[in-house]
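Below is one structure, written out as structure tokens, with a few remarks after it.
Put into structure tokens, the structure is as follows:
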């Protein structure tokens with residue numbers, strides 16, 4: 072059987088031997104495969120993959136770039152005779168999906184399954200212990216550590232980290248009930264090594280090192296555990312409340328006052344991340360001696376705002392700056408890429424208003440951060 076590991080780093084192995092090593096030396100190939108595996112329950116569009124792999128860049132034919140990645144992967148799988156992976160990726164019209172019916176083992180999903188059984192109150196103590204041990208042994212570090220700061224990894228990585236820590240507490244509790252303190256200590260020390268020290272883990276370590284004797288801070292420990300779970304519930308509640316009002320994945324269309332607030336926030340973020348944010352102003356006019364109908368002009372401006380909103384990405388912002396101006400703000404890799412993004416929006420819009428006598432010009436500038 073082929074084993075796929077995503078904890079710490081993406082690896083494929085068979086019969087204990089690593090396979091596809093050369094292919095995984097390429098960052099984009101690793102991202103392509105990892106993203107499809109992580110999202111194996113759904114079809115991933117070509118647009119979504121392209122934004123992931125070439126964010127902010129312009130290609131005349133993004134489908135070709137993605138097909139090249141898939142071709143290299145399939146070719147190596149065939150050359151190495153890895154029959155288990157021959158049909159691992161389905162390519163559909165402008166979309167891809169990982170084959171869920173493959174006879175392969177994927178560590179993160181095995182981890183989820185063992186963890187779910189291990190923390191289930193209806194599971195017998197013996198089965199709990201078995202599944203919790205299997206779960207914590209599978210966790211070898213954060214999800215795809217080399218891409219741990221990437222937006223599509225962060226949430227999943229935190230989720231698995233929290234599941235692992237909860238599994239550690241549950242497993243250690245079972246071991247303490249059986250007076251297996253040395254094993255419990257080893258489990259806590261490994262957790263500290265993998266996820267870093269915390270007040271709760273340090274307190275847990277003191278408890279197991281006391282080997283059943285009352286620790287000097289036993290009461291503090293109980294209070295710490297209680298507060299930790301209360302805070303976890305509270306942060307989930309806050310997050311659900313905020314997400315309920317943010318159901319869109321397109322750019323933010325706002326008024327100018329809000330746009331200024333976003334601008335000031337972005338300037339502060341730029342100083343921390345080192346990324347570059349660009350500001351574009353688009354002006355709409357008409358040929359000389361042509362008098363535009365006011366209502367029609369407003370409809371054309373509304374259409375541009377809607378077009379830009381759908382063409383830009385989540386996290387980008389735009390606002391109606393004046394009667395005939397729209398401001399756009401977005402991050403990207405270079406000044407040339409920034410101009411291409413605005414030009415793409417302009418091109419899509421002009422195709423929609425074909426025949427209208429409207430002249431559109433724009434300027435693009437990088438934003439300064441608060442230290443500049």
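Residue numbers (the working numbering): 72 to 443. Idealized CB from N, CA, C, for every residue including glycine.
Once you ignore the five residues that flank residue 327 on each side, which residues in its own chain have a CB closer than 7 Å to its CB?
Within the same chain, and ignoring the five residues on either side of residue 327 in sequence, the residues whose Cβ sits closer than 7 Å to its Cβ are 390 and 392.
Work out the CA separation of residue 262 and residue 186 for me, nearest whole Å.
Cα to Cα, the separation comes out at about 15 Å.
Proximity winner among 387, 93, 170 and 195, relative to residue 325 (alpha-carbon distances)
Closest by C-alpha distance to residue 325, out of 387, 93, 170 and 195, is 387.
Which value, in whole angstroms, describes the spacing of the CA atoms of residue 259 and residue 272?
In this structure, the CA atom of residue 259 is about 7 Å from the CA atom of residue 272.
Quick check on this structure: which residue in 214, 142, 189 and 198 has the alpha carbon closest to the alpha carbon of residue 177?
Between residue 177 and the set 214, 142, 189 and 198, the nearest pair of CA atoms involves 214.
Do residue 83 and residue 212 have their beta-carbon atoms positioned less than 8 Å apart in this structure?
Note that the C-beta distance between residue 212 and residue 83 is not below 8 Å.
Please give the ranges of any beta strand (DSSP E) in the segment 112-194, keeping only runs that are unbroken, at least 3 residues long and fully inside the region.
Every beta strand (DSSP E) stretch that sits fully inside the segment 112-194 and reaches 3 residues is listed by chain position as 160-163, 166-169 and 175-177.
Separation of residue 257 from residue 435, as counted between CA atoms:
Approximately 57 Å between the Cα atoms of the pair.
Are at least three pairs of beta-carbons, each pair with one atom in the segment 344-358 and one in the segment 422-439, less than 8 Å apart?
Touching, yes, given that three or more Cβ pairs across the two stretches are closer than 8 Å.
In terms of residue numbering, what span does the alpha helix (DSSP H) encompassing residue 98 cover?
According to the DSSP assignment, residue 98 belongs to the alpha helix (DSSP H) that extends over 98-109.
Taking the beta carbon of residue 284 as the centre, do at least 16 other beta carbons fall within 10 Å, making it buried, or is it exposed?
A residue is called buried once 16 or more other Cβ atoms fall within 10 Å of its Cβ, and residue 284, having fewer, is exposed.
Is residue 188 closer than 8 Å to residue 204 when the C-beta atoms are compared?
Going by beta carbons, residue 204 and residue 188 fall outside the 8 Å limit.
Which stretch, first to last residue, makes up the beta strand (DSSP E) that contains residue 392?
Taken as a continuous stretch (DSSP letters only), the beta strand (DSSP E) holding residue 392 covers 388-393.
Residues bridged to residue 434 (per DSSP):
In the DSSP output, where bridge partners are listed per residue, residue 434 has 352.
Identify, in the order they occur along the chain, each residue of the same chain with its Cβ nearer than 6 Å to the Cβ of residue 103, setting aside the five sequence neighbours on each side.
Correct list, in chain order: 140.
Based on the DSSP secondary-structure assignment, which residues constitute the bridge partners of residue 90?
Paired residues: 83.
When DSSP labels each residue in this structure, what does residue 74 get in the three-state scheme?
Residue 74 falls in the strand class under three-state DSSP.
Check whether the Cβ atoms of residue 252 and residue 282 sit closer than 8 Å, and answer yes or no.
A contact, by the Cβ cut-off of 8 Å.
Could you name the residues of the same chain whose beta carbon sits closer than 8 Å to that of residue 155, not counting the 5 residues immediately before and after it, in chain order?
Shown here for residue 155: same chain residues with a beta carbon closer than 8 Å to its own, the five before and five after excluded, namely 72, 73, 85, 173, 174 and 175 in chain order.
Measuring straight from C-alpha to C-alpha, what distance separates residue 237 and residue 411?
The straight-line gap from Cα to Cα measures roughly 47 Å.
Answer with yes or no whether the minimum CB distance from residue 277 to chain D is below 8 Å.
Of the protein chains in the structure, only one exists, and it is not chain D.
When DSSP labels each residue in this structure, what does residue 396 get in the three-state scheme?
Looking at residue 396 - three-state DSSP - the assignment turns out to be strand.
Are residue 106 and residue 179 touching if we call contact CB-CB under 8 Å?
For residue 106 and residue 179, no; Cβs fall outside 8 Å.
For residue 417, is the classification buried or exposed, using 16 other Cβ atoms within 10 angstroms of its Cβ as the cut-off for buried?
Buried is the call here.
Contact set for residue 424: own chain, Cβ-Cβ below 8 Å, skip 5 residues either direction:
Result list for residue 424: 371 and 374, in chain order.
Quick one: measure Cβ to Cβ for residue 428 and residue 330, integer angstroms, because I've assumed they're closer than 8 Å.
Going by Cβ atoms, the distance from residue 428 to residue 330 rounds to 29 Å, so no, they are not a contact pair.
Please report the distance separating the alpha-carbon of residue 113 from that of residue 161.
Distance between the alpha carbons of residue 113 and residue 161: 11 Å.
On the three-state DSSP scale, how would you describe residue 383?
If DSSP states are grouped into helix, strand and coil, residue 383 belongs with coil.
In three-state DSSP terms, what is residue 358?
For residue 358, the secondary structure class from DSSP, reduced to helix, strand or coil, is coil.
Between residue 363 and residue 381, what straight-line distance do the alpha-carbon atoms span, to the nearest angstrom?
Spanning the two alpha carbons is a distance of roughly 26 Å.
Proximal residues to residue 115 (C-beta, below 8 Å), its chain only, five neighbours per side dropped
Same-chain partners within the cutoff: 106, 107, 166, 167 and 168.
Compute the distance between the beta-carbons of residue 170 and residue 158, then report whether it is under 8 Å.
For residue 170 and residue 158, yes; Cβs fall inside 8 Å.
Identify every residue that forms a DSSP beta bridge with residue 401.
Paired residues: 349.
By how many angstroms is the C-alpha of residue 225 removed from the C-alpha of residue 249?
Cα-Cα distance, rounded: 37 Å.
If you drop the 5 nearest sequence neighbours on each side, which residues of the same chain put their C-beta closer than 6 Å to that of residue 379?
Cβ neighbours of residue 379 beyond the five flanking positions: 389 and 416.
Residue 210 to residue 135 span [Cα, whole Å]:
So the alpha carbons of these two residues sit roughly 36 Å apart.
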